[in-house]
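K.L.:
The structure that follows is given in the form of structure tokens.
Residue numbers (my numbering): 18 to 363.
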């Protein structure tokens with residue numbers, strides 16, 4: 018037990034350049050931001066957003082710069098992290114835009130790049146390790162876990178009429194894209210006839226693209242579906258098709274520990290979208306059913322399952338490198354909140 022504990026220890030290293038030989042696939046606000054998320058807001062020249070309605074997304078790396086985006090609703094701002102012998106700096110690269118501010122509600126605002134000086138975001142890398150500012154946490158011993166065949170589900174997306182390069186069922190207008198991945202998953206869940214609530218949470222700050230609830234005996238089962246479009250028209254063995262969806266799964270697992278707050282958040286996001294776009298988020302069931310489930314969850318046991326939906330992956334061609342990335346995500350979700358992860362692919 019002691020040996021295993023030591024192997025899993027994360028060792029901090031102050032670095033003078035970005036990590037090499039690994040890929041950034043996930044970025045989060047610092048832990049302080051999440052703990053006090055209900056009190057932090059981000060302001061642009063157009064709107065004020067709760068920090069939980071915003072998200073960070075990893076971008077490309079260009080030599081000594083790691084780019085990432087802040088997404089608030091339909092607004093996007095690009096930043097980059099630079100590390101050298103003097104430390105680290107995070108700067109806005111979207112020079113044509115006014116930089117957002119961050120503040121506790123009703124308190125003094127500061128530019129987000131200023132906030133990042135003391136509260137840098139956390140960047141997660143493939144093969145383990147995370148970076149915050151210029152401090153790189155690396156495992157004492159590299160751990161490789163492989164995703165198993167029994168965690169892989171194959172669907173025939175062609176027979177479902179899906180364009181695997183189209184992810185979301187809504188974009189820019191209120192008409193559903195019936196050839197989208199998200200639409201196909203929702204319809205399959207509805208047709209199964211076993212769910213009490215099916216919820217479209219797709220948007221910045223999402224819990225998951227789809228949240229579904231079903232009851233089995235005395236248990237309530239909650240399912241997160243994270244959908245990601247394919248980078249090619251044909252399924253294959255592209256590891257880049259997995260990085261973002263794996264990062265989304267890892268971000269979402271913590272909601273298991275605050276399930277009541279999650280449901281309250283779902284209701285607020287439903288009302289907000291209905292008020293702004295005249296389109297709600299319930300695909301099956303509604304607020305009444307969700308309220309009943311919330312009351313039952315005060316007394317009944319529940320479980321959470323996470324599904325990665327990536328039809329761009331061919332189930333017969335998954336490489337060992339892909340299994341390692343998937344295995345790391347599976348381990349993270351299982352080790353932190355005992356949540357199983359499965360992949361739905363082609």
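For every residue, glycine included, the Cβ atom is placed at its ideal position computed from N, Cα and C.
What does DSSP give as the partner residues of residue 229 in its beta bridges?
P.N.:
215, 240
K.L.:
Report yes if the CB atom of residue 277 is closer than 8 angstroms to the CB atom of residue 233, and no otherwise.
P.N.:
Taking 8 angstroms as the Cβ cut-off, residue 277 and residue 233 do not qualify as a contacting pair.
K.L.:
To test your reading of the DSSP string, which unbroken alpha helix (DSSP H) runs of 4 or more residues are found completely within the region 43 to 98?
P.N.:
Fully enclosed alpha helix (DSSP H) runs of 4 or longer: 48 to 52.
K.L.:
In terms of residue numbering, what span does the beta strand (DSSP E) encompassing residue 362 cover?
P.N.:
Looking at the DSSP string, the run of the beta strand (DSSP E) that includes residue 362 is 358 to 362.
K.L.:
Give a yes or no on whether the C-beta atoms belonging to residue 65 and residue 58 are separated by under 8 angstroms.
P.N.:
yes
K.L.:
Do you know how far the Cα of residue 102 is from the Cα of residue 240?
P.N.:
45 angstroms
K.L.:
Thinking C-alpha only, which one of 47, 333, 63, 131 is nearest residue 69?
P.N.:
Scanning 47, 333, 63, 131 for the CA closest to the CA of residue 69 turns up 47.
K.L.:
Between the region 330 to 345 and the region 221 to 233, can you find at least three pairs of beta-carbon atoms closer than 8 angstroms?
P.N.:
Three or more Cβ pairs closer than 8 angstroms define a contact, and the region 221 to 233 falls short of that threshold against the region 330 to 345.
K.L.:
Just reading off the beta strand (DSSP E) that residue 118 is part of, what are its end residues?
P.N.:
118 to 121
K.L.:
What is the rounded straight-line gap between the Cα of residue 98 and the Cα of residue 194?
P.N.:
36 angstroms
K.L.:
For residue 323 and residue 269, which I take to be in contact (beta-carbon distance under 8 angstroms), what is that distance rounded to the nearest angstrom?
P.N.:
7 angstroms
K.L.:
What does DSSP give as the partner residues of residue 105 in its beta bridges?
P.N.:
100
K.L.:
Decide if residue 153 is buried, meaning its Cβ has at least 16 other Cβ atoms within 10 Å, or exposed.
P.N.:
Under this definition residue 153 is a buried residue.
K.L.:
With DSSP run on the structure shown, which of helix, strand or coil describes residue 264?
P.N.:
helix
K.L.:
Less than 8 angstroms between the CB atoms is what I'm expecting for residue 287 and residue 299, so what's the real figure, rounded?
P.N.:
Contact flag correct, Cβ pair sits at about 7 angstroms.
K.L.:
Would you identify the three-state DSSP class for residue 136, choosing helix, strand or coil?
P.N.:
coil
K.L.:
Indicate the three-state DSSP secondary structure (helix, strand or coil) for residue 347 in the structure shown.
P.N.:
helix
K.L.:
Is it buried or exposed for residue 34, if we count other Cβ within 10 angstroms and need 16 for buried?
P.N.:
exposed
K.L.:
With a Cβ-Cβ cutoff of 8 angstroms, do residue 226 and residue 204 count as a contact?
P.N.:
For residue 226 and residue 204, no; Cβs fall outside 8 angstroms.
K.L.:
For residue 137, does the count of other Cβ atoms within 10 angstroms reach 16, so buried, or fall short, so exposed?
P.N.:
buried
K.L.:
May I ask you to report which of helix, strand or coil DSSP gives residue 181?
P.N.:
Of the three classes helix, strand and coil, the one that applies to residue 181 here is coil, per DSSP.
K.L.:
Return helix, strand or coil for residue 200, following the three-state DSSP convention.
P.N.:
Residue state for residue 200 is assigned as helix, using DSSP reduced to three classes.
K.L.:
Using alpha carbons as the reference points, say which of 223, 177, 214 lies closest to residue 202.
P.N.:
The shortest C-alpha to C-alpha distance from residue 202 to any of 223, 177, 214 is the one to 177.
K.L.:
If I follow the unbroken alpha helix (DSSP H) through residue 323, where does it start and stop?
P.N.:
Premise fails: residue 323 lies in the beta strand (DSSP E), 319 to 326, not in any alpha helix (DSSP H).
K.L.:
Three or more C-beta pairs closer than 8 angstroms, one from the region 209 to 229 and one from the region 72 to 89: is that the case here?
P.N.:
yes
K.L.:
Got a sec? Which residues, its chain only, sit under 6 angstroms from residue 119 by beta carbon, not counting five neighbours each side?
P.N.:
59, 129, 132
K.L.:
Among the residues of its own chain, which have a CB less than 8 angstroms from the CB of residue 319, if the five just before and after it don't count?
P.N.:
236, 237, 238, 239, 276
K.L.:
Quick check: the Cα distance between residue 29 and residue 144, rounded to an integer number of angstroms?
P.N.:
One alpha carbon belongs to residue 29, the other to residue 144, and they sit about 16 angstroms apart.
K.L.:
Using three-state DSSP, classify residue 311 as helix, strand or coil.
P.N.:
helix
K.L.:
Would you list the one or two residues that DSSP bridges to residue 41?
P.N.:
142
K.L.:
Under the rule that 16 or more other beta-carbon atoms within 10 Å means buried, what is residue 161, buried or exposed?
P.N.:
It counts as exposed.
K.L.:
How many angstroms separate the CA atom of residue 297 from the CA atom of residue 262?
P.N.:
24 angstroms
K.L.:
Would you identify the three-state DSSP class for residue 168, choosing helix, strand or coil?
P.N.:
Residue 168 sits in a helix when the DSSP states are folded into three classes.
K.L.:
May I have the straight-line CA-CA distance separating residue 168 from residue 292, to the nearest angstrom?
P.N.:
39 angstroms
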